[in-house]
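Take the sequence shown: its letters are residues 1 to 47, numbered as in the working numbering.
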Amino acid sequence: AEETTVSDMLRIPQRPFRLLLPLAAFLLGAEFLFNLIEALEGLRRGG
Numbered sequence: 001a002e003e004t005t006v007s008d009m010l011r012i013p014q015r016p017f018r019l020l021l022p023l024a025a026f027l028l029g030a031e032f033l034f035n036l037i038e039a040l041e042g043l044r045r046g047g
């Protein structure tokens with residue numbers, strides 16, 4: 001049985017994809033962190 005990865009099915013070049021994945025994860029985490037900080041500041045203000 002031939003195993004095909006998702007990147008093979010989507011025809012994504014492996015190397016750029018592996019370089020972009022950590023960057024995307026970092027940006028997602030940063031956005032989540034900023035949203036969390038804003039929510040905490042809103043709660044601290046008593047809103």
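We put the beta carbon where it would ideally sit given N, CA and C, even for glycine.
Legend entry - Simplified DSSP assignment, three categories, for Gly46: coil
Inset, instruction - With DSSP collapsed to three states, give me the class of Glu2. - result: coil
Inset, instruction - Assign Arg15 to one of three DSSP states: helix, strand, or coil. - result: helix
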